[in-house]
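First up is the structure itself, then whatever we jot down about it.
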Amino acid sequence: MKNIYFTPGPAELYPTFYQHLQTAMDEQIGSISHRSKQFRDIYRFADEQLRTLLSIPDSHGIFFTGSASEVWERVLFNCVEHESFHLVNGSFSQKFYDYAGALHKHAHVLNKPFGEGFDAADIDVPEYAELVCLTHNETSSGVQMKPAEMHKLKRKYPKKLFCVDMVSSAPYPDLDFSLIDSAFFSVQKAFGMPAGLGVWISNQACLEKAEYLQKSDSMTIGAHHTLPTLWKHYKDFETPATPNVLFIYLLGKIAEDFNRIGIDTIRKQTEEKARMLYKFLETSDTYEPFVKQERHRSQTVVVATTGRKSPADVISTAKAANMIVGSGYGKFKESQIRIANFPAVSADQVAALIEALKK
Ligand SMILES: *Cc1c(COP(=O)(O)O)cnc(C)c1O
């Protein structure tokens, strides 16, 4: 019997993935030139489907990278001359901040303890910060920042560039791209694909910043996947380097499947499954939701403390029922489990997981 993966990335593959992969093989997608019309049509299709799904306006381009963590580096290289600002409350937001230090940016940070979240009212952005780096879903702790809070913050600091890591939640967060300059994700989380492709959404303001920095004698925006080269090729639906053509094809197809269901329905289903999970945790005499503030609880990665049960036992009991749940992150392996609630898992499968966790 096959397992169902409730792990927060890599995760359960979206049910239509196999069929799309088969079609791609039949159409010999793996052998076509990335300078062919066939590829440009594949890129254009993925672009159209993602634009519809995430309401991305024409002011923003959609670019492909090797991974989401690559985008941490790209956006810092391309959009920061001196100073960035980071909200950090877990391992992924911490890594984004660490990348800034490694690139010798002057990185400001506002820290919150693991399991706590941010609201706009908590935040003063430092005067000279050029780029505000937010994480919609902190995958390590199961904390989300609501898009409305991000939008509120941008309205308070309209001149600063805002970048959102939406890696473990896209397409769930309803970002207003008239306010969010840049956002990115990778496909092995909520899009239900294997790892191997990053998606970077960025607007003209980011491009202008990169072009300005590129002219400076004392700065570098790097050599690989710079925003000006990505954008130049994007105008013809091409890429600077040979891209993961197969995955761009598959992402377009899965985004089309999501659009057929409708993003509103996908968001509602996500919330309904999250509600089932949190309700179970709250009423259980063993488990507890790790995140105490309801508004900060992630809808896509649910983190639970396992109380008197050991996480290892919980994980192996679920595994015996062919369900794979994630371990806690880092030192929280000893006390927590993480359950991914991505579109690839149905409400029935979530109900079955809840039954298994009760045992
Ligand atoms: C998984 C993850 C990343 C890194 O994505 P990669 O595809 O491994 O580069 C970044 N941010 C968050 C919030 C993540 O969950």
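Residue numbering for the sequence shown follows the numbering used here, beginning at 34 and increasing consecutively.
Where a beta carbon is used, it is the ideal one built from N, C-alpha and C, also for glycine.
None of these values were measured; they are calculated from a predicted model.
With the cut-off set at 8 Å, would you say residue i and residue j are in Cβ contact?
i      : j      : result
Asp214 : Leu194 : yes
Ala380 : Lys222 : no
Val176 : Ser331 : yes
Ser201 : Gly361 : no
Ser219 : Phe96  : no
Asp198 : Leu167 : yes
Leu109 : Tyr132 : yes
His93  : Glu116 : no
Leu314 : Ala351 : no
Ile254 : Ala243 : yes
Arg300 : Lys179 : no
Val383 : Met309 : yes
At a threshold of 7 Å, does residue i count as lining ligand 1 (C-beta to nearest heavy atom)?
i      : result
Thr350 : no
Thr40  : no
Gly175 : no
Thr319 : no
Val347 : no
Ala228 : yes
Gln127 : no
Gln221 : yes
Gly231 : yes
Ala135 : no
Asn170 : yes
Ser117 : no
Ala101 : yes
Ser201 : yes
Asp269 : no
Asp381 : no
Can you give the beta carbon distance from residue i to residue j, rounded, assuming they're within the 8 Å contact cut?
i      : j      : result
Ala101 : Phe217 : 6 Å
Glu182 : Asp152 : 5 Å
Thr479 : Asn111 : No statement about residue 479 is possible, as the shown extent of the chain runs from 34 to 392 and does not include it.
Gly225 : Asn277 : Not a contact, Cβ separation roughly 16 Å.
Tyr282 : Ile62  : 5 Å
Leu86  : Asn292 : 6 Å
Glu163 : Val113 : 5 Å
Taking C-alpha atoms, which residue in the options lies nearest to residue i?
i      : options                        : result
Ser368 : Asp207, Ile387, Gln326, Tyr320 : Tyr320
Asp290 : Ile37, Val220, Tyr47           : Tyr47
Thr40  : Ser173, Gly134, Asp318         : Ser173
Arg371 : Val358, Glu388, Lys189         : Val358
Lys286 : Asp250, Glu106, Phe50          : Phe50
Ile354 : Thr338, Leu386, His53          : It is Ala, not Ile, that sits at residue 354 in the sequence shown. When only C-alpha atoms are compared, the closest one is Leu386.
Lys189 : Ala154, Leu314, Thr262         : Ala154
Arg73  : Thr253, Ile254, Tyr267         : Tyr267
Leu394 : Phe313, Arg68, Phe280          : Examination of residue 394 is not possible in this model, given that the chain is present from 34 through 392 alone.
Cys196 : Ser251, Ala389, Glu149, Glu106 : Glu106
Ala288 : Ala377, Tyr38, Leu186, His169  : Ala377
Ala274 : Gln382, Tyr38, His67, Ile37    : His67
Lys185 : Lys192, Glu171, Leu212         : Leu212
Please indicate yes or no: does the CB of residue i lie closer than 7 Å to some heavy atom of ligand 2?
i      : result
Val108 : With respect to small molecules bound, the structure shown includes ligand 1 and not ligand 2.
Beta-carbon of residue i versus every beta-carbon of chain C: anything under 8 Å?
i      : result
Asn292 : This model lacks chain C altogether; it includes just one protein chain.
- Query: Does the count of Cβ pairs from the segment 144-156 and the segment 112-125 closer than 8 Å reach three?
  - Reply: yes
- Message: Three or more C-beta pairs under 8 Å: does that hold for the segment 338-348 against the segment 356-373?
- Response: yes
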